[in-house]
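Have a look at the structure below, then the notes.
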Amino acid sequence: MTTIRSDAVERLDREPLDRDEIAALIARDIPAESYVNLGIGLPTRVAEHLSPADGVVLHTENGMLGMGGVAVGDAIDPDLTNAGKIPVTETPGASYFHHADSFAMMRGGHLDVCVLGAYQVSHHGDLANWHTGAPDAIPAVGGAMDLAIGAKQIFVMMNLFTKDGAAKLVPACAYPLTGRRCVNRVYTDLAIFELDRTGERPVRVVETFGISVADLGDRLGVQLH
């Protein structure tokens, strides 16, 4: 795929990002004093890179505002976990509430940002992250659909390619959708992308890591700028 003019920052002198480096970039881009949900799995790493000075309040769908980072050692409380059942800490002023109230927050537009993992994201922001469609796969939608349509911004955290080399940023998702035209940004090991959810403009490459925009254009089936 031929790319058009790009204003991306190309960091060609470094290796692709590891998971913690991706999480740190997401934490950097979350606006101060936002209410944020971190999806199960990779996105939970973002909590470790947030500064208390930013005033970001973390929400977990099993009923907590003011979640902190992962708990270790004597800080572990078996009754205090995130939605992925990982022990977590609490920040000053943390509160707890019914599962139904938590989903009301998610569905009611009260979350500023949600960070989710994904199997695929389309060029205009469709999200597929709950089922691969494989006969032996165990679907795990959880609250992802509620978050995809309820949060004001959706950031996706994922590797850009599968282990087999297939792109995960695609013209159209082949897997069952979680939400349509809901993703704003995609953070990967090789690049950060900004999506136009109207589908009228190409995908904007914000920054690359160890690869050029031209090389990304050759490997991806979506138009870039």
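Take the sequence shown: its position 37, counted from the start at 1, is 37 in the UniProt record's numbering, and no numbers get skipped.
By construction, the Cβ of each residue, glycine as well, lies at the ideal position given by its N, Cα and C atoms.
Between the beta-carbon of Asn37 and that of Leu127 there is about 14 Å, and that puts the pair past the 8 Å contact cut. According to the DSSP assignment, Leu38 belongs to no alpha helix (DSSP H) but to the beta strand (DSSP E) extending over Tyr35 to Leu38. Scanning its chain for C-beta atoms nearer than 8 Å, with the 5 sequence neighbours on each side dropped, one finds around Val121 the residues Leu127, Ala128, Val156, Met158, Lys168, Leu169, Val170, Cys173, Val183, Val186 and Leu195, in chain order.
Secondary structure note for Phe193: its beta strand (DSSP E) is the uninterrupted segment Ala191 to Glu194.
The segment 74-98 is shown to contain no whole alpha helix (DSSP H) run of 4 or more residues. Tyr175 and Thr132 do touch by the CB rule: their CB atoms are close to 6 Å apart, below 8 Å. Contact between the segment 139-154 and the segment 30-44 is present, with at least three C-beta pairs closer than 8 Å. At a cut-off of 4 residues, the continuous stretches assigned as alpha helix (DSSP H) that sit fully inside the segment 127-212 are 144-150.
In the structure shown, Val113 falls within a strand segment according to DSSP collapsed to helix, strand and coil. Comparing alpha carbon positions, the residue from Leu25, Ala151, Arg181 and Leu190 closest to Leu160 is Leu190. If you look at Glu10, you'll find it in the beta strand (DSSP E) that goes Val9 to Arg11.
Annotated three-state conformation of His59 is strand, per DSSP. Taking C-alpha positions only, Gln223 is separated from Asp13 by approximately 24 Å.
According to the DSSP assignment, Leu25 belongs to the alpha helix (DSSP H) that extends over Arg19 to Asp29.
Taking a 10 Å sphere around the C-beta of His124, we find 16 or more other C-beta atoms and assign the residue as buried.
Taking Ala140 as reference, the option from Thr89, Ile192 and Ala118 with the minimal CA-CA separation is Ala118. Within the DSSP bridge table, the entry for Val222 names no partner. Burial state of Ala53 is exposed, judged by a 10 Å Cβ sphere holding fewer than 16 other Cβ atoms.
C-alpha of Val115 to C-alpha of Ile154: approximately 6 Å in a straight line.
Scanning its chain for C-beta atoms nearer than 6 Å, with the 5 sequence neighbours on each side dropped, one finds around Thr91 the residues Gly66 and Gly68, in chain order. In terms of CA proximity to Gly210, Ile192 leads the group Arg204, Ile192, Ala24 and Val203. Around the Cβ of Ser95, a 10 Å sphere holds fewer than 16 other Cβ atoms; the residue is exposed.
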